Structure formats: C-alpha cells, structure tokens
Amino acid sequence: MPLRNKIRPHAPADRPSPQSRSISARSRTVPASALSTWGAARLALTAFFAVDGLLFAAWVVRIPDIRNQVSASHGALGLALLCVSAGAVATMPVVSRLCLRYGSRPITVASLALLAVAVPLPAHTHSVPALGGVLLLFGAGYGGANVAMNSAAVEIVSELGRPVMPSFHAGYSLGGLLGAGAGGLLAGTLTAAQWLAAAGLLGLVVTALAGAALLRSPAARPVGTASAASSSSSARGGTRGAGRVLVLLLGLTAFCTAYGEGAIADWTTVHLTDDVRAGAQAAAAGYVAYALAMTTGRIGGTWLSVRLGQHRVMLLGGFTAAAGMLLAALAPLVPLALAGFVLVGLGLANLFPLAIAQAGAVGGPRGVALASTLGYGGMLIGPPVIGFLADATSLPLALTTVAVAATAAALLPLAVRRR
32 MPLRNKIRPH APADRPSPQS RSISARSRTV PASALSTWGA ARLALTAFFA VDGLLFAAWV
92 VRIPDIRNQV SASHGALGLA LLCVSAGAVA TMPVVSRLCL RYGSRPITVA SLALLAVAVP
152 LPAHTHSVPA LGGVLLLFGA GYGGANVAMN SAAVEIVSEL GRPVMPSFHA GYSLGGLLGA
212 GAGGLLAGTL TAAQWLAAAG LLGLVVTALA GAALLRSPAA RPVGTASAAS SSSSARGGTR
272 GAGRVLVLLL GLTAFCTAYG EGAIADWTTV HLTDDVRAGA QAAAAGYVAY ALAMTTGRIG
332 GTWLSVRLGQ HRVMLLGGFT AAAGMLLAAL APLVPLALAG FVLVGLGLAN LFPLAIAQAG
392 AVGGPRGVAL ASTLGYGGML IGPPVIGFLA DATSLPLALT TVAVAATAAA LLPLAVRRR
C-alpha cells in the first residue's frame, strides 16, 4: 500500500510537508457520511484518552495514603514508583508489535482493561516489594494504552484528513483534571481502597462501552508501515533510513516537551511556596492554571493546526512555553508567576500530541512507540534533574532549563520539515 502520510526526504523548507498536503487533499474529498462514521470512532477513542488520564490521576492523588500503608521511606517510595516507568518502557515496544499484528484498536481495549484492573491493586499491598510488583502491572497497562491509543489516533487522523490529534490529548487532560479533582474532594470520604476500586470500575465500564463503539467502526488503513510498491529497493532503504531519523527527531521533540511537563508537575507548588512566597491556595492555583491552560490549548489545537500549519504551531508553542517559563521562574510576584505558568501550559499543549502524530504518520505503531518512549523518558528525567540542579544552584535557575528544553522542542520540528 502506498505510504500516504510519509514525509519525503529533502522536501524544500518553504513547502508544506507531504503529511500536511495529504491531510489537506483528503479533507477536501472525504464525504460527509465518512466523516460521520469516523466521528463516532473519534468520540470513542477520545473517551479512552479521558479514562486513561482519569485513572492515572486517581492513583496519583492517593500516593500519600499508599505510602503510609506500606510504611515506605521517600527513597523506598521512589524505587516503587520507578516500577511504573519500568513497566511502561518495557511494554511499549511489545505493544507496537502487537498493534502491527492485531490492529491498534483491540490492543487499546485490552491495555485500558489491564490498567483499570491494576488501579485498585496498590491499595491492597502492605510492603514496598508488593507495591512495586503491582506498579509494574500498572505501568504495563499505562504504557501499552498510550502506544495503542496514539496508534489508533494516528489512523483516525489519516482517515478524517484533519489534524485532530490535539483533541485526543485534550481528552486525556480533561480526564486527569476530573480524576485529580474528584480524588481530592472525596479524600476525606472514601478510603484509598474504595476510591481506587471505584475508579477501576468506572474505567472498566468506559472501556466496555467505548470499546464496543470503537471496534464496530470500519477498519482504518495502516499508516506509515509500508513503502510504495513502485519504489526501487535502494529508494526504499533510503526512505526507511530517513524515516527513522525523522521519528527520532520527533521523539526528541516529545522528550523536550515531556521534560517540562514532568518538571512543572512536581516543582510548581514548591517554587511558588518557597521562592515566590505564595500561600497554599495560590501555590495550588499555579498548577491548576497550568493544567487548565494546557487543556484549553489542546482543545483549540486542531483549529490552530488547520489555520497555521502543524510545524508553525509547534514553533510558536515552544517559544511561548520558553518565555512563559522564564517569567514563571524569575518573576518575584505571584500574579506574574501564575501568568507565566499559563503561558507554559498554552505553549506546551500541542507539542507532544503533534510530535506523536507525525511520528505515527512516518513510522506507524513503531514510530509511536519510539516517540512515546522518549517522551516518557523526558517526563521521568525532568523532576530529578530539576532537584539536583536546585541543590547545586537554586530552584528558579533550575526551572529555566525547562525554557531551554521548550526552545529545543520549537526548533526540532524545523529540522523535521527540512527532511
């Protein structure tokens, strides 16, 4: 099958990428009935993204309770939490191969079901090794779901002919906000075991309903996994080599973006409390403002991508995030710092989803897996790097590395476009 969304090597920098041209061409020819059909699949997949964010947030807000339950020190808890990452990173390449063999949609349903089953398990552990063991399973479901969902989303983006990937990630952000908000409100009413069991049950219900709708939708054509039949063997080899470089560059874009996301998630309230002298409510408002701005940016991401082009959205987003982070890190006043975090949220909003979408268009599920793994690595590395740099210098200065990473995320798509 010809590779519809391949970004050809050596494309002139002043022309839209082949992926953009393909999307534009198809958006003019897709009939309304087909758009309606794929719209149902899009809605079902958005529900999967939302429940993924909700389940992860449901676990995060009860980490302190689980820590007390297993009597873990900070170091022991850190090792146990590392098992989430280990499970995710180990699973992602396997899931990419499963998606190629069986299709991304059934693997999406299976991965979310595994995640929903694993969410209640930490509340029933009573030692750090047991907690680490169930978090490996949790990480496997989480990592598998992210590769499978994004692979399915890339296919739907191709079928719809519109850059709608940010809307899926907006669903994840909304689910995370709901999970964190409900978990916080019910913390005094439900025990950790009750809350996580309820979240897992909700996840299974949504998985069953959305999974039935997703699996009933017509099969999508695989994207980014074959070369044109008419190409010579040497041309195919060159294209595959260029494709691997493109996926790597896009993965580094995801890495730089997720570095900032991870750092902000863990250090925003500490920075506002210790360095800007904000009260507890204002410090909490900093992360809420950032999260809401990111959600808003993702909701409008498709509109911006259609009008400005995906590469331009990524370029402007990276520079906006860099400017916002410098303001948030160095401003001496709470209102200025909060405004900075809003800019960071708006700027970072579409970098990760657009990078994953383009990696999937080039490399299919394997491209999604590589870019997602690199992105996940950035989210893991961000918080400890900020901590080490803060000990060596100061937290505001350490946070300026997020601005450096955002600038890199803005410039890397230019290298992708020139290929």
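Numbering of the sequence shown is given in this note's numbering, commencing with residue 32 and proceeding in unit increments.
Every residue gets a Cβ at the ideal spot worked out from N, C-alpha and C, and that includes glycine.
Since the model is a prediction, treat every value here as computed from it, not as a measurement.
For ASP422, the secondary structure class from DSSP, reduced to helix, strand or coil, is helix.
In the structure shown, the three-state DSSP call for VAL165 is helix.
In the three-state scheme derived from DSSP, where H, G and I count as helix and E and B as strand, LEU110 is classed as helix. Each of THR351, ARG397 and LEU143 was checked against the Cα of ALA241, and the nearest Cα belongs to LEU143. Here the C-alpha atom of PRO160 lies approximately 32 Å from the C-alpha atom of ALA285. Spanning the alpha carbons of LEU411 and THR432 requires a straight line of approximately 15 Å.
The beta carbon of MET123 sits closer than 8 Å to those of GLY174, GLY175, ASN177, VAL178, ALA400, SER403, THR404 and TYR407, all from its chain and outside the five residues before and after it, given in chain order.
Counting the other CB atoms within 10 Å of its CB gives LEU428 a total below 16, which places it among the exposed residues.
Its chain contains VAL365 and ALA368 as the residues whose beta carbon lies nearer than 6 Å to that of VAL307, once the 5 sequence neighbours on both sides are disregarded; these appear in chain order. Under the 8 Å Cβ criterion, the segment 216-228 counts as touching the segment 93-107, having at least three qualifying pairs. Per DSSP, PRO366 is one residue of the alpha helix (DSSP H) stretching across 365-379. Cβ contact annotation for THR333 (same chain, cutoff 7 Å, sequence separation greater than five): ARG193, PRO194, VAL195, PRO197 and SER198, in chain order. The criterion of a C-beta distance shorter than 8 Å is not satisfied by ALA89 and VAL148. The beta carbon of GLY348 sits closer than 6 Å to the beta carbons of GLY378, ASN381 and LEU382 from its chain, once the five residues preceding and following it are set aside; these are given in chain order. Counting the other CB atoms within 10 Å of its CB gives ALA239 a total below 16, which places it among the exposed residues.
A direct Cα-Cα distance of roughly 41 Å separates ALA313 from VAL126. With fewer than 16 neighbouring CB atoms inside 10 Å of its own CB, PRO415 falls in the exposed class. Boundaries of the alpha helix (DSSP H) around PRO137: 135-149.
The beta carbons of HIS157 and VAL101 sit about 6 Å from each other, so the pair counts as a contact at 8 Å.
THR77 and THR139 have their C-alpha atoms roughly 12 Å apart.
A straight-line Cα-Cα distance of about 22 Å links LEU442 and HIS200. With 16 or more other Cβ atoms from the protein chains shown falling within 10 Å of its own Cβ, TYR290 counts as buried.
Exclusion of the five residues before and after VAL344 leaves LEU335, SER336 and ASN381 as the residues of its chain whose Cβ lies within less than 6 Å of its Cβ. Counted as a single uninterrupted DSSP element, the alpha helix (DSSP H) harbouring LEU346 occupies residues 341-361. Per DSSP, ASP306 is not a residue of any alpha helix (DSSP H), being assigned neither H nor E. Spanning the alpha carbons of ALA316 and LEU303 requires a straight line of approximately 10 Å.
Distance from the Cα of LEU168 is smallest, within the candidate group ALA119, THR222, SER104 and LEU85, for ALA119. A direct Cα-to-Cα measurement between ALA229 and ARG275 gives close to 42 Å. DSSP places SER198 inside the alpha helix (DSSP H), whose first and last residues are 196-216.
Counting every other CB atom within 10 Å of its CB across the protein chains shown gives GLY328 a total of 16 or more, marking it as buried.
Taking 8 Å as the cut-off, the beta carbon of THR288 is found closer than this to the beta carbon of ALA386. One Cα belongs to TYR321, the other to ALA121, and the distance between them is close to 30 Å. LEU208 places its beta carbon less than 8 Å from that of THR326. Shown here, PRO249 sits in coil according to DSSP, grouped into three states, outside any helix or strand. Following the DSSP letters along the chain, one finds VAL101 inside the alpha helix (DSSP H) bounded by residues 94-101. Of the residues LEU233, ARG98 and VAL301, the one whose Cα lies closest to the Cα of SER425 is VAL301.
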